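Here the sequence shown stands for residues 1 to 149, where the numbers follow UniProt numbering. Virtual Cβ for every residue (Gly too), placed ideally from N, Cα, C. Remember, predicted model here, so these are calculated numbers, not experimental data. Below is one structure, written out as C-alpha coordinates, with a few remarks after it.
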Amino acid sequence: MPIEDLDPAKLDARELALLVKATPAGELRGLMTGSRRSAVLDTVVGRMPGVFRGDRAGAMSAVVHWRIGDGPGGGVDVYEIVIEGGTCALSAAPRRQPKLTLTIGAVDFLRMVTGNAHPIALAMKGKLKTKGDLALTAKFPQLFDIPRV
(Lines of atoms letter the chains of each structure in order from A and count residues from 1; the text may use other names and numbers.)
(Lines give C-alpha, C1' and ligand atoms only; values in the text may rest on other atoms or scores of the structure.)
Protein backbone atom coordinates (compact mmCIF):
# COMPACT_ATOMS: atom_id res chain seq x y z
CA MET A 1 0.00 0.00 0.00
CA PRO A 2 1.42 3.42 -0.89
CA ILE A 3 1.92 5.46 2.28
CA GLU A 4 -0.03 8.42 0.86
CA ASP A 5 -3.14 6.17 0.82
CA LEU A 6 -2.68 5.22 4.46
CA ASP A 7 -5.85 4.82 6.47
CA PRO A 8 -4.41 4.31 9.95
CA ALA A 9 -7.77 3.25 11.37
CA LYS A 10 -7.61 0.10 9.22
CA LEU A 11 -4.20 -0.97 10.56
CA ASP A 12 -3.43 -2.34 13.97
CA ALA A 13 -0.45 -0.92 15.87
CA ARG A 14 1.98 -3.58 14.64
CA GLU A 15 0.95 -3.21 10.98
CA LEU A 16 1.36 0.55 11.21
CA ALA A 17 4.76 0.12 12.87
CA LEU A 18 5.97 -2.19 10.10
CA LEU A 19 4.69 0.18 7.40
CA VAL A 20 6.46 3.15 9.03
CA LYS A 21 9.66 1.09 9.31
CA ALA A 22 9.57 0.19 5.60
CA THR A 23 8.80 3.71 4.36
CA PRO A 24 11.60 6.15 3.45
CA ALA A 25 11.76 9.44 5.36
CA GLY A 26 10.80 11.50 2.32
CA GLU A 27 7.57 9.57 1.85
CA LEU A 28 6.73 9.84 5.55
CA ARG A 29 7.37 13.58 5.35
CA GLY A 30 4.98 13.79 2.38
CA LEU A 31 2.32 11.95 4.37
CA MET A 32 2.75 14.15 7.43
CA THR A 33 2.53 17.40 5.42
CA GLY A 34 -0.37 16.23 3.27
CA SER A 35 -4.11 15.80 3.54
CA ARG A 36 -3.85 12.54 5.59
CA ARG A 37 -1.86 14.17 8.43
CA SER A 38 -4.84 14.83 10.71
CA ALA A 39 -6.23 11.32 10.24
CA VAL A 40 -2.85 9.78 11.04
CA LEU A 41 -2.19 11.94 14.10
CA ASP A 42 -5.76 11.64 15.43
CA THR A 43 -5.63 7.85 15.12
CA VAL A 44 -2.16 7.41 16.60
CA VAL A 45 -2.73 9.79 19.52
CA GLY A 46 -6.25 8.40 19.95
CA ARG A 47 -4.79 4.94 20.56
CA MET A 48 -2.56 6.12 23.41
CA PRO A 49 -5.14 5.53 26.17
CA GLY A 50 -5.50 1.94 24.93
CA VAL A 51 -1.78 1.21 25.32
CA PHE A 52 -1.40 3.13 28.59
CA ARG A 53 0.04 1.14 31.49
CA GLY A 54 -1.88 2.40 34.50
CA ASP A 55 -0.03 -0.10 36.70
CA ARG A 56 3.17 1.84 35.99
CA ALA A 57 1.59 5.23 36.60
CA GLY A 58 0.49 4.56 40.16
CA ALA A 59 -1.04 7.66 41.73
CA MET A 60 0.47 9.97 39.10
CA SER A 61 -1.53 13.02 38.13
CA ALA A 62 -0.27 14.93 35.11
CA VAL A 63 -1.27 16.85 32.02
CA VAL A 64 1.01 16.31 29.03
CA HIS A 65 0.94 18.30 25.82
CA TRP A 66 2.29 16.88 22.57
CA ARG A 67 3.33 19.62 20.12
CA ILE A 68 3.77 17.92 16.76
CA GLY A 69 5.39 20.18 14.20
CA ASP A 70 6.13 20.17 10.49
CA GLY A 71 2.51 20.72 9.54
CA PRO A 72 1.44 22.40 6.33
CA GLY A 73 2.71 25.97 6.34
CA GLY A 74 4.85 25.27 9.39
CA GLY A 75 1.84 24.41 11.54
CA VAL A 76 1.87 22.61 14.88
CA ASP A 77 -0.79 20.24 16.17
CA VAL A 78 -1.25 20.14 19.94
CA TYR A 79 -2.76 17.18 21.77
CA GLU A 80 -3.47 17.00 25.49
CA ILE A 81 -3.21 13.80 27.50
CA VAL A 82 -4.49 13.69 31.06
CA ILE A 83 -3.11 11.02 33.38
CA GLU A 84 -5.04 10.58 36.58
CA GLY A 85 -6.03 7.75 38.87
CA GLY A 86 -4.21 5.12 36.83
CA THR A 87 -5.97 6.14 33.60
CA CYS A 88 -5.04 8.10 30.52
CA ALA A 89 -7.52 10.20 28.57
CA LEU A 90 -7.35 12.60 25.68
CA SER A 91 -8.76 16.03 26.12
CA ALA A 92 -10.88 17.34 23.25
CA ALA A 93 -8.72 20.47 23.20
CA PRO A 94 -5.65 21.55 25.14
CA ARG A 95 -7.09 23.57 28.03
CA ARG A 96 -5.07 22.72 31.12
CA GLN A 97 -1.62 23.82 32.16
CA PRO A 98 0.77 21.00 31.23
CA LYS A 99 3.17 19.43 33.68
CA LEU A 100 5.19 18.32 30.64
CA THR A 101 5.31 19.54 27.05
CA LEU A 102 6.89 17.33 24.38
CA THR A 103 7.77 19.03 21.08
CA ILE A 104 8.73 16.91 18.08
CA GLY A 105 8.56 16.86 14.30
CA ALA A 106 5.81 14.78 12.71
CA VAL A 107 8.03 12.12 11.12
CA ASP A 108 10.03 11.61 14.31
CA PHE A 109 6.79 11.44 16.30
CA LEU A 110 5.39 8.80 13.97
CA ARG A 111 8.59 6.79 14.17
CA MET A 112 8.76 7.08 17.97
CA VAL A 113 5.18 6.02 18.72
CA THR A 114 5.49 3.05 16.36
CA GLY A 115 8.67 1.80 18.02
CA ASN A 116 10.94 2.83 15.13
CA ALA A 117 12.83 5.50 17.09
CA HIS A 118 13.79 5.69 20.75
CA PRO A 119 12.69 8.78 22.70
CA ILE A 120 16.02 9.11 24.54
CA ALA A 121 17.97 9.03 21.27
CA LEU A 122 15.61 11.63 19.78
CA ALA A 123 16.05 13.86 22.83
CA MET A 124 19.84 13.52 22.71
CA LYS A 125 19.80 14.54 19.03
CA GLY A 126 17.60 17.55 19.81
CA LYS A 127 14.67 16.16 17.84
CA LEU A 128 12.48 15.70 20.91
CA LYS A 129 12.35 18.73 23.15
CA THR A 130 10.93 18.54 26.63
CA LYS A 131 9.76 21.29 28.93
CA GLY A 132 8.55 20.75 32.45
CA ASP A 133 8.82 18.01 35.04
CA LEU A 134 12.11 16.11 34.54
CA ALA A 135 11.00 13.07 36.53
CA LEU A 136 7.87 12.76 34.39
CA THR A 137 10.01 13.21 31.26
CA ALA A 138 12.09 10.19 32.23
CA LYS A 139 9.09 8.04 33.20
CA PHE A 140 6.70 9.01 30.39
CA PRO A 141 7.88 6.55 27.69
CA GLN A 142 7.55 3.65 30.15
CA LEU A 143 3.86 4.44 30.65
CA PHE A 144 2.91 3.09 27.23
CA ASP A 145 3.26 -0.25 25.46
CA ILE A 146 5.02 0.79 22.27
CA PRO A 147 4.99 -1.77 19.43
CA ARG A 148 8.14 -3.81 18.93
CA VAL A 149 9.24 -4.10 15.29
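Note to self: With three or more C-beta pairs closer than 8 angstroms as the rule, is the region 116-125 touching the region 49-59?
What the structure shows: Proximity of the region 49-59 to the region 116-125 falls short of the contact definition, fewer than three beta-carbon pairs being nearer than 8 angstroms.
Item checked: Alpha-carbon to alpha-carbon, residue 46 and residue 119 -> Taking the first residue of the sequence shown as position 1, residue 119 is located at position 119. Taking the first residue of the sequence shown as position 1, residue 46 is located at position 46. Our two residues, residue 119 and residue 46, have alpha carbons roughly 19 angstroms apart in a direct line.
Check: Is there contact here, the region 56-69 with the region 16-26, by at least three beta-carbon pairs under 8 angstroms?
Finding: As far as the Cβ criterion goes, the region 56-69 does not touch the region 16-26, which means the pair count is below three.
Check: What distance in whole Å lies between the Cβ atoms of residue 147 and residue 115, which are believed to be in contact at a cut-off of 8 angstroms?
Finding: Indexing the sequence shown from 1 puts residue 115 at position 115. Indexing the sequence shown from 1 puts residue 147 at position 147. Sure, about 4 angstroms apart at Cβ, within 8 angstroms.
Next item on the list: May I ask which residues mark the beginning and end of the beta strand (DSSP E) holding residue 61?
Entry: In the sequence shown, residue 61 corresponds to position 61, counting from 1. Run containing residue 61: 61-69, per the beta strand (DSSP E) assignment.
Checklist line | Other residues of its chain near residue 11: CB distance less than 8 angstroms, five sequence neighbours each side excluded | finding: Residue numbering aside, residue 11 sits at position 11 when the sequence shown is read from its first letter. By the criterion of a C-beta distance shorter than 8 angstroms, residue 11 is surrounded in its chain by 19, once the five residues flanking it on both sides are discounted.
Next item on the list: Quick one: grab the DSSP three-state call for residue 114.
Entry: Against the sequence shown, residue 114 aligns to sequence position 114. It is coil, neither helix nor strand.
Check: How about residue 143 and residue 28: are their beta carbons less than 8 angstroms apart?
Finding: The sequence position of residue 143 within the sequence shown is 143, counting from 1. The sequence position of residue 28 within the sequence shown is 28, counting from 1. The beta carbons of residue 143 and residue 28 sit no closer together than 8 angstroms.
Item checked: Own chain residues within Cβ distance below 8 angstroms of residue 70, not counting five before or after -> As a working mapping, residue 70 is identified with position 70 in the sequence shown. If we look at residue 70 and ignore the five residues flanking it on each side, its Cβ neighbours are 29, 32, 33, 105, 106, 107.
Next item on the list: With a 10 Å radius around its C-beta and 16 neighbouring C-beta atoms as the bar for buried, classify residue 23 as buried or exposed.
Entry: Residue 23 sits at position 23 when you count from the first residue of the sequence shown. Label assigned to residue 23: buried.
Item checked: Same chain only: Cβ atoms within 8 angstroms of residue 78, ignoring 5 sequence neighbours per side -> Taking the sequence shown and counting its residues from 1, one reaches residue 78 at position 78. For residue 78, same chain residues with a beta-carbon under 8 angstroms away, outside a window of 5 residues either side, are 65, 66, 67, 68, 94 in chain order.
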